[in-house]
Amino acid sequence: MEVHQVEMVMSAVREAQYPTDGLPEVAFVGRSNVGKSSLTNVLINRKSFARTSSQPGKTQTLNFYKVENKVFFVDVPGYGYAKVSKKARESFAIMIGEYLRKRQPLKGIVQLVDARHLPSKEDIEMYNWLTSDDIGLPVLVVATKADKISRGKWNKVEADIKRELQFNAELSDFEIFSAETKHGKDNVWDWLEARMLD
Ligand code: GTP
Ligand code: MG
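Numbering (my numbering), first residue to last: 788 to 985.
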C-alpha cells in the first residue's frame, strides 16, 4: 500500500478509549527497543511519526494510528523492560491482555524479534500465547535489524528463530526486515493487506 495519510488518533489504556470507527486493526508487539515504532514508520513512509527512541520503555499506552482511513496500526508497549516497576509491568500486562484477547476488529498481530539473537524467554512466551486458543489470531513474526547481520546468515537466522519458537506454520508467517534498508517492507504490507480483508 502506498501510504499518504496517517493520523495519530489516540492513546488508550482501556477499552472505553479504543476507536469506534469499525476499521480493521493490526497490532505490533515485541520486546522494548526491538524496533516496533521503526517498523511502523517505514510502513507509513514517515521518518518519525511513531516516536522511536534509544531509550527503551517509552511507549506506555496503546497507540492507534489510522492509516489511509483503512486500517489502524496499534503500537503496543514493549515487554521485558527491567527498569519498569513490577506494578507498572502488571498493569501493562492487563492492558495488553484486554486488548489482544477481546478486540473484535483486531485481524492480526505482528511480533517483532531481534534478528541478531535467539528469541528470549519472553519472546517465546508471547508467541505461544498469541498462537494459543486464548488469542489465536494470525501472527507475522518479523525478525528485524537484519541490516546488522550479513545476508549469508539470514536463512540460518530464520531457521533458528522458528526452531526456538516452535513455529506454527498454520497460524503464522515469517519475514526478515530492516528499518535501515527497508528490506521486507513490501512483504509485510502484503501480509497486512491480506489480514485487512479477512
Ligand atoms: P519501545 O517503544 O521502547 O518499546 O521500542 P520500539 O520497539 O518501538 O523500538 P524503536 O523503533 O524505538 O527502536 C529502538 C532502537 O532501535 C532505535 O535506536 C532504532 O533506531 C533502532 N532500530 C530499530 N529498527 C532498526 C533496524 O532495522 N536496524 C537498525 N540498525 N536499527 C534499528
Ligand atoms: Mg516504540
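Don't be surprised by glycine CBs; every beta carbon is placed ideally from N, CA and C.
Every value quoted in this text rests on a predicted model; they were computed, and no experiment measured them.
- Less than 8 Å separating the beta-carbons of Ser825 and Ala956? For the purposes of this step, residue 825 is taken as residue 38 along the sequence shown, with counting starting at 1. For the purposes of this step, residue 956 is taken as residue 169 along the sequence shown, with counting starting at 1. No. Outside cutoff.
- Roughly how many whole angstroms lie between the Cα atoms of Ala803 and Phe815? For the purposes of this step, residue 803 is taken as residue 16 along the sequence shown, with counting starting at 1. For the purposes of this step, residue 815 is taken as residue 28 along the sequence shown, with counting starting at 1. So the two alpha carbons sit approximately 20 Å from each other.
- Message: Below 8 Å, how does it come out for the segment 932–952 and the segment 894–913: are there three or more Cβ pairs, yes or no?
- Response: yes
- Using a Cβ-Cβ cut-off of 6 Å (strictly less than) and excluding sequence neighbours within five positions of Leu917, which residues of its own chain qualify? Here residue 917 refers to the residue found at position 130 when the sequence shown is read from its first residue. Answer for Leu917: Ile896, Val926, listed in chain order.
- Task: Using the Cα positions of Lys940 and Ile883, report the straight-line distance between them to the nearest angstrom.
- Result: Along the sequence shown, one-based indexing puts residue 940 at 153. Along the sequence shown, one-based indexing puts residue 883 at 96. Looking at the two C-alpha atoms, the distance is approximately 33 Å.
- Give the single residue among Gln898, Asp960, Glu909, Ile936 whose Cα lies nearest to the Cα of Ala981. Within the sequence shown, the letter at position 194 stands for residue 981. The shortest Cα separation from Ala981 among Gln898, Asp960, Glu909, Ile936 belongs to Asp960.
- Task: Check Leu810 in the structure and name its three-state DSSP category.
- Result: What you label residue 810 is simply residue 23 of the sequence shown in a count that begins at 1. It is coil, neither helix nor strand.
- Residue(s) in a DSSP beta bridge with Leu893: Counted from its first residue, the sequence shown places residue 893 at position 106. Bridge partners of Leu893: Glu812.
- Query: If you pair each beta-carbon of the segment 872–879 with each one of the segment 904–915, do three or more pairs fall below 8 Å?
  - Reply: no
- Task: Compute the Euclidean distance between the alpha carbons of Trp978 and Thr807, then round it to the nearest angstrom.
- Result: Translated into the one-based positions of the sequence shown, residue 978 becomes position 191. Translated into the one-based positions of the sequence shown, residue 807 becomes position 20. Roughly 24 Å between the two C-alpha positions.
- Pick from Asn828, Ile963, Val813, Gln891: whose alpha carbon is nearest that of Met983? Working through the sequence shown from its first residue, we reach residue 983 at position 196. Here the closest residue by C-alpha is Val813.
- Entirely within the segment 847–928 and at least 3 residues each: give me those beta strand (DSSP E) ranges in chain order. 849–854, 858–862, 893–901
- Item | Identity of the residue in Asn832, Ala880, Val821 nearest Leu849 by Cα | Within the sequence shown, residue 849 is the residue found at index 62, counting from 1. Nearest option by C-alpha distance: Ala880.
- Would you list the one or two residues that DSSP bridges to Thr968? Here residue 968 refers to the residue found at position 181 when the sequence shown is read from its first residue. According to DSSP, which records beta bridges pairwise, Thr968 is partnered with nothing at all.
- Can you tell me which of Lys894, Gln953, Arg890 puts its alpha carbon nearest to the alpha carbon of Ile913? Along the sequence shown, one-based indexing puts residue 913 at 126. Ile is not the amino acid found at residue 913; the sequence shown has Met there. When each option's Cα is compared against that of Met913, the closest is Gln953.
- Own chain, CB closer than 8 Å to Lys751, minus 5 neighbours either side, in chain order: Summary: the structure shown does not reach residue 751, with the chain confined to residues 788 through 985, and so no result is reported for it.
- Query: Within the present structure, is the beta-carbon of Lys986 separated from the nearest heavy atom of ligand 2 by less than 7 Å?
  - Reply: No answer is possible for residue 986: the residues shown for the chain start at 788 and end at 985.
- Task: Inspect the beta-carbon positions of Val929 and Val858 and report whether they are closer than 8 Å.
- Result: Against the sequence shown, residue 929 aligns to sequence position 142. Against the sequence shown, residue 858 aligns to sequence position 71. No, they are not a contact pair.
- Query: Rounded to whole angstroms, how far is the Cβ of Phe851 from the Cβ of Val863, which I believe are closer than 8 Å?
  - Reply: One-based indexing of the sequence shown puts residue 851 at position 64. One-based indexing of the sequence shown puts residue 863 at position 76. Between Val863 and Phe851 the Cβ distance is about 11 Å, and since that is not below 8 Å, they are no contact.
- Starting from the Cα of Ser872, find the closest Cα among Gln847, Ile911, Leu887, Arg890 and give me that residue. Position 85 of the sequence shown, counting from 1, holds the residue named residue 872. Checking every option, the nearest Cα to that of Ser872 belongs to Gln847.
- Task: Using only the heavy atoms of ligand 4, determine whether one of them is closer than 7 Å to the beta carbon of Asp862.
- Result: What this structure holds is ligand 1 and ligand 2, not ligand 4.
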